[in-house]
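There are 2 protein chains.
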Amino acid sequence: MKRNSRLSLALHALSHMAYDMENAQTSADIADHAGTNPVVVRRVLGKLRAAGLLTSERGHSGGWRLARDTRHITLADVYAALGESLIASDPGPETNVCAVERALDNRVLRIMKEIEDSLVARLSQTTIADVQRSIRQDASHAH
Amino acid sequence: MKRNSRLSLALHALSHMAYDMENAQTSADIADHAGTNPVVVRRVLGKLRAAGLLTSERGHSGGWRLARDTRHITLADVYAALGESLIASDPGPETNVCAVERALDNRVLRIMKEIEDSLVARLSQTTIADVQRSIRQDASHAH
DNA sequence: TTTATTGTAACAATCTTAGTTACAATCGTT
DNA sequence: AACGATTGTAACTAAGATTGTTACAATAAA
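Residue numbers (the numbering used here), protein chains in the order written: chain A, 1075 to 1217; chain B, 1075 to 1217.
Structural data, given as structure tokens:
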């Protein structure tokens, strides 16, 4: 049970779908390969679907498909879809007394937000196609 | 009880020390202002001290001081001192069967590490002096 | 009708974090 | 020497977050 596995799992799942775009991928299949549970997969992929990154079909021969070309899905899209907020957290209730303290709080918060923005900017520069490409490279000289 | 408050608390504490460099700041004082507990403060600042960012003195009129100029302490130093790893997590035991799966795991891990490296690079561009400067700005036109 | 699949709720187990209490060690002050 | 203020640290509690699991309704193909 490790942390931050949602982003990792999402990347796994997306790569699987990119690897075989012709068939819908079932949550059971993805879960098997990612070493987790189908329900966990559906939970995570549900968020990606809500963000328009994926589509899903119920019933026999159903499963999950990419909604767009892999070149048009960035890691920032995935990050946003998951609703992650790694750096900046919601500020608690304002309990500060003096103006300097409030200013400090505001500034720390703003800096955290700036950092998070930088992170998102970085994430937006890598697409699933990029991830997919490097997986093929790794596989070709796997140990 | 919010997440990621250690980094936030560290920034608060450092700013306090930078604000009054002449006197050692006690954990009780910092805790009061940051709205938390002295022990929590000592826990976090202990890590910064272990990284050489701070010094502390016991006993009467003891407390915490910056070990270096504020211009020479970056947010990356603080991040590293806290031992945070927001993006990349330790890989679990290798349970993958096929080479493609192992390659995927490796690649996802590598990408997470790349992202974390970018984050650290960004953090290294902001110093405590920068933070301090903008606090003064905020305080001058506080609401 | 059967089978395979998603969608979702409910719950358990584990891990993380913050908070708290307690107390020894240290060091200035009286 | 005694006292008071402070760090250092261990132990514990409480709350939250995350993952895993079971169960079952809804859906759609075979």
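Every residue, glycine too, gets a C-beta built ideally from N, C-alpha and C. Keep in mind that this is a model prediction, so the values were computed, not measured.
Are the beta-carbon atoms of residue i and residue j separated by less than 8 Å?
i	j	result
B/Leu1185	A/Val1115	The displayed chain sequence assigns Ile, not Leu, to residue 1185 of chain B. No, Cβ-Cβ distance for B/Ile1185 and A/Val1115 is not below 8 Å.
A/Leu1083	A/Thr1100	no
B/Arg1080	B/Leu1156	yes
B/Ala1092	B/Thr1144	yes
A/Glu1131	A/Ala1098	yes
B/Leu1193	A/Leu1193	yes
A/Ala1141	A/Ala1108	no
A/Ser1181	B/Ser1208	Correcting the residue identity first, residue 1181 of chain A is Arg in this sequence and not Ser. The answer is yes: Cβ separation under 8 Å.
Using a C-beta cutoff of 8 Å, does residue i count as contacting chain B?
i	result
A/Glu1175	yes
A/His1146	no
A/Ser1101	no
A/Leu1140	no
A/Leu1088	no
Between residue i and chain A, is any beta-carbon pair separated by less than 8 Å?
i	result
B/Met1186	yes
B/Ser1135	no
B/Val1194	no
B/Ser1198	no
B/Leu1085	yes
B/Val1182	yes
B/Ile1202	no
B/Leu1160	yes
Which chain B residues are close to residue i, counting only those with a beta carbon under 9 Å from its beta carbon?
i	result
A/Asn1097	Correct list: empty, because the minimum Cβ distance to chain B is about 16 Å.
A/Ser1130	Chain B residues near A/Ser1130: none, gap ~21 Å exceeds 9 Å.
Ignore the nearest five residues each way along the sequence and tell me which others in residue i's own chain have a CB closer than 7 Å to its CB.
i	result
B/Thr1200	Thr1148 and Leu1149
B/Glu1197	Checking the sequence shown, residue 1197 of chain B turns out to be Leu, not Glu. So the list reads Thr1148, Leu1149, Ala1150 and Tyr1153, once near-sequence residues are dropped.
A/Pro1112	Ser1101, Ala1102 and Ala1105
A/Lys1187	Ala1162
B/Arg1139	Met1091, Ala1098, Leu1128 and Thr1129
A/Arg1123	Thr1129 and Ser1130
For a contact meaning CB atoms closer than 7 Å, what does residue i contact in chain B?
i	result
A/Val1205	Arg1181 and Ile1185
In chain B, which residues lie with their C-beta within 8 Å of the C-beta of residue i?
i	result
A/Ile1104	Within chain B, no residue comes near A/Ile1104; the closest Cβ sits about 11 Å away, beyond 8 Å.
Using C-beta distances below 6 Å, list every residue in its chain close to residue i, excluding the 5 sequence neighbours before and after it, in chain order.
i	result
A/Gly1137	Ala1098, Gln1099 and Thr1100
Among residues of its own chain, excluding the 5 on either side of residue i, which ones have a beta-carbon nearer than 8 Å to its beta-carbon?
i	result
A/Ile1189	Ile1161 and Ala1162
B/Asp1094	none
B/Val1118	Arg1080, Leu1083, Ala1084, Ala1087 and Leu1156
A/Ser1089	Ile1202, Val1205, Gln1206 and Ile1209
Where the segment 1106-1118 of chain B meets chain A: residues whose CB sits under 9 Å from a CB there
Correct list: His1107, Ala1108 and Gly1109.
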